[in-house]
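Working notes for the structure below.
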């Protein structure tokens with residue numbers, strides 16, 4: 001136990017280069033970054049021999065100063081040089097590149113606003129921008145590679161103590177170890193029940209009772225304290241926070257078991273408090289606007305171009321059997337609301353199943369000759385383009401199911417617990433499940449489970465690209481004559 005104490009307290013040994021650099025690397029990197037921005041601008045200025053007048057130098061220097069200020073503003077607001085997020089930004093330098101793009105974007109806006117773009121050399125600007133981008137790319141790749149070497153991983157690690165070695169503390173350690181790329185090294189537990197607990201858990205020692213905390217914090221001890229105590233121990237937690245408030249150390253309170261399960265969910269400010277979002281409305285706000293525009297841009301031209309085909313199919317249906325050309329069926333739509341879904345009638349009128357209690361099967365005698373053709377080619381679904389224009393459906397989404405549709409002898413919602421979750425978005429003419437082969441008869445539990453699994457994947461990962469990919473895969477299936485369509 002004393003060995004563990006020494007390990008923590010010698011963390012700040014100034015004789016060790018890595019120890020001296022720890023906690024300062026993000027500062028050094030910031031000053032190197034802005035130094036390179038300024039130096040590359042000066043170098044381009046000198047090499048291009050642009051010092052035509054003293055006024056020219058002042059103008060270019062002012063431009064560089066504005067760029068550095070804009071870069072710094074964006075970088076610090078994005079946490080690029082925040083010690084707690086430093087390793088993540090090195091491994092995924094998107095925010096760093098965003099900062100330099102923001103800086104040069106500000107220069108462009110200023111130039112166009114004041115009509116002074118002609119005062120500055122485009123060759124100089126391009127050379128400057130290219131050299132900075134090259135430096136950022138090379139430096140981040142080199143740093144990420146160096147710091148991810150096994151011998152250097154400790155350089156960027158933040159040492160942590162967990163207060164509480166019980167079930168909650170152990171779950172917190174398990175969670176941290178699963179995300180070791182974030183550079184947090186747990187050096188020990190502290191718990192008032194230390195004598196009744198195992199001496200270590202997963203190689204991390206129990207250092208003793210919480211009254212040793214201040215002893216461990218002397219000198220340059222751990223960087224952060226994680227409290228994993230029961231929520232009922234309010235007084236104890238507040239007492240420890242008060243005791244720790246005199247020390248320069250980050251203090252966190254770990255989530256409970258439920259919080260750890262949803263630890264990957266984002267945190268927002270709501271009513272003056274931080275809350276964790278457990279489930280977001282999918283395809284909402286601007287995403288919903290984009291998807292609606294996408295639907296109309298596809299559905300309206302499709303109706304216009306396919307109108308001759310729609311008229312011919314309607315005529316063929318009417319000529320072969322009695323009844324209307326369209327079959328309207330109530331199906332589950334957005335938010336479990338019932339919507340009228342349009343299809344070309346493919347069955348004999350007296351054999352249609354309004355509630356779909358009996359799903360269509362191969363060689364189904366209820367299906368007409370025209371119906372067999374339009375179902376095989378999926379032409380029977382084309383009237384749903386009008387559902388899309390009305391706003392009840394989308395081009396791509398989970399397929400709408402009839403109210404009494406069954407897998408085997410059980411209703412869909414009885415087979416799959418999360419079945420209703422697929423109704424959080426508008427249903428579609430085609431879907432991710434259908435284009436991945438889960439289409440047609442649902443005579444087994446697995447088939448409806450796979451459909452729902454693919455539908456939920458689509459909902460959670462929606463993008464315009466995913467929609468276009470789904471449409472493309474659907475068209476390929478139609479060309480290949482999908483064997484599951486009947």
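Residue numbers (full-length UniProt numbering): 1 to 486.
Note that beta-carbon positions come from the ideal geometry of N, C-alpha and C, so glycine has one too.
- Boundaries of the alpha helix (DSSP H) around residue 235: 234 to 244.
- For residue 158, the enclosing beta strand (DSSP E) has its first and last residue at 158 to 163.
- Contact between residue 72 and residue 95 is absent: CB atoms are separated by about 13 Å, not below the 8 Å threshold.
- Contact check between the stretch 279 to 289 and the stretch 190 to 198: fewer than three CB pairs, one atom from each, fall below 8 Å, which does not count as touching.
- The straight-line gap separating the alpha-carbon atoms of residue 201 and residue 176 is approximately 13 Å.
- In this structure, residue 400 sits near residue 331, with a CB-CB distance shorter than 7 Å.
- Your pair residue 425 and residue 397 checks out as a contact, with CB atoms roughly 6 Å apart and the cut at 8 Å.
- By the Cβ neighbour-count rule, residue 65 is exposed, with fewer than 16 other Cβ atoms within 10 Å of its own.
- Within the same chain, and ignoring the five residues on either side of residue 265 in sequence, the residues whose Cβ sits closer than 7 Å to its Cβ are 276, 277, 278.
- For the pair of segments examined, the stretch 252 to 270 was found not to touch the stretch 431 to 439: the number of CB pairs separated by less than 8 Å stays below three.
- Residue environment: residue 347 is assigned as buried (16 or more neighbouring CB atoms within 10 Å of its CB, all protein chains considered).
- The C-alpha of residue 62 lies about 14 Å from the C-alpha of residue 39.
- Residue 205 sits in a strand when the DSSP states are folded into three classes.
- At the C-beta level, residue 228 and residue 172 come within 7 Å of one another.
- When DSSP states are grouped into helix, strand and coil, residue 341 belongs to the strand group.
- If you draw a straight line from the Cα of residue 226 to the Cα of residue 186, it comes to about 10 Å.
- DSSP, reduced to helix, strand and coil, places residue 430 within a strand of the structure shown.
- Between residue 342 and residue 386, the C-beta gap is smaller than 7 Å, which places the two residues in contact.
- Taking a C-beta distance under 7 Å as the contact criterion, residue 333 and residue 349 do not qualify as a contact pair.
- The alpha-carbon of residue 174 is positioned some 23 Å away from that of residue 147.
- Closest option to residue 240, judged by alpha-carbon separation, among 214, 117, 302: 214.
- In the three-state reduction of the DSSP assignment, residue 330 falls in the strand class, which pools E and B.
- Going by DSSP, residue 114 is part of no beta strand (DSSP E) at all; its letter is neither H nor E.
- Here DSSP, grouped into helix, strand and coil, assigns residue 81 to coil.
- Within the same chain, 90 come within 6 Å of residue 143 by CB-CB distance, once the 5 residues on both sides are set aside.
- Between the alpha carbons of residue 393 and residue 141 lies a distance of about 46 Å.
- For the 7 Å CB-CB criterion, residue 158 and residue 224 form a contact.
- It is roughly 12 Å from the alpha-carbon of residue 477 to the alpha-carbon of residue 469.
- Here the alpha carbons of residue 285 and residue 133 stand approximately 34 Å from one another.
- Its Cα nearest to that of residue 179, the residue 263 stands out among 211, 230, 263.
- By the criterion of a C-beta distance shorter than 8 Å, residue 136 is surrounded in its chain by 33, 93, 96, 97, 100, once the five residues flanking it on both sides are discounted.
- Of the residues assessed, residue 87 falls on the buried side of the cut-off, its CB having 16 or more other CB atoms within 10 angstroms.
- Rounded to the nearest whole angstrom, the CA to CA distance from residue 127 to residue 44 is 7 Å.
- Shown here, residue 298 sits in a helix according to DSSP, grouped into three states.
- Sequence-distant Cβ neighbours of residue 300 in its own chain, meaning closer than 8 Å and more than five residues away, are 389.
- Per the C-alpha coordinates, the member of 206, 370, 475 positioned closest to residue 429 is 475.
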